[in-house]
Structure formats: structure tokens, C-alpha cells
Amino acid sequence: MIALIYVDTRAILPVVDGTWHRARFTHVPSPGEPITTLCGVSAVTEFELLDRRDVHGVPRQCWSCDLLYRRQHGIDVWPGHPGL
67 MIALIYVDTR
77 AILPVVDGTW
87 HRARFTHVPS
97 PGEPITTLCG
107 VSAVTEFELL
117 DRRDVHGVPR
127 QCWSCDLLYR
137 RQHGIDVWPG
147 HPGL
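In the working numbering, the protein residues as written are 67 to 150.
And the structure:
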């Protein structure tokens, strides 16, 4: 018997050095697989349970990834956006 767990690849937000980023995924990356974020940061994939998310401190947002994501999806960018 198989228990399927469906993952929305659009909802994957990788955290690299305490900063969460955006990336385009065509599949769920395997552990050890290299990934590159929208802003160009590259890292190797590892997985943790969500309840361990802030063990290493609360992740902060990558404003460059946010700006690129907003522009790619036609979402308004306010004049004082930190990524500008």
C-alpha cells in the first residue's frame, strides 16, 4: 500500500544562512541536490520538519527574491520596497 504526500512546489521556500528565498522548482529536490534561488544564491538541499524552522533563529526574507517574484507574477511593488 502507498501513502501519497502531495507537495506544492510553488510553496517551497528554501532557507539559506537564515534567509528564506524563492525559487522555481519543477520537482521536489532530493536531499543533497543543488538548487539556485531567484536571486542567484546556490545551496545543497536538506530537509527538516516545520516545527524546527526557527531552531537556528527566525528566518528573514530575501528582499531580492521577493522583488523578482513580484515582478514575475505582476504583483505590485511599493515605492519603498527593500529590494529596489
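The beta carbon of each residue, even a glycine, is placed where N, CA and C say it ideally should be.
Predicted model only: the values in this text are computed from it and were never measured.
Close Cβ partners of residue i (< 6 Å) along its chain, the five nearest in sequence each way excluded
i	result
Ile78	Phe91
Thr103	His87, Ala89, Cys131
DSSP state of residue i mapped onto helix, strand, coil
i	result
Ser108	strand
Thr92	coil
Given residue i as reference, the closest of the options once Cα atoms are compared
i	options	result
Glu99	Leu115, Pro80, Ala69	Pro80
Pro148	Trp129, Arg137, Ile141, Asp142	Trp129
Glu112	Leu134, Leu104, Val94	Val94
Val110	Ile101, Asp120, Asp117, Leu116	Ile101
Where the beta strand (DSSP E) containing residue i begins and where it ends
i	result
Thr102	100-102
Contacting residues, own chain, Cβ-Cβ under 7 Å from residue i (five flanking each side not counted)
i	result
Val107	Val82, His87
Contact between the segment 72-91 and the segment 120-131 (3+ Cβ pairs under 8 Å) | Yes: the two stretches touch, three or more of their Cβ pairs being nearer than 8 Å.
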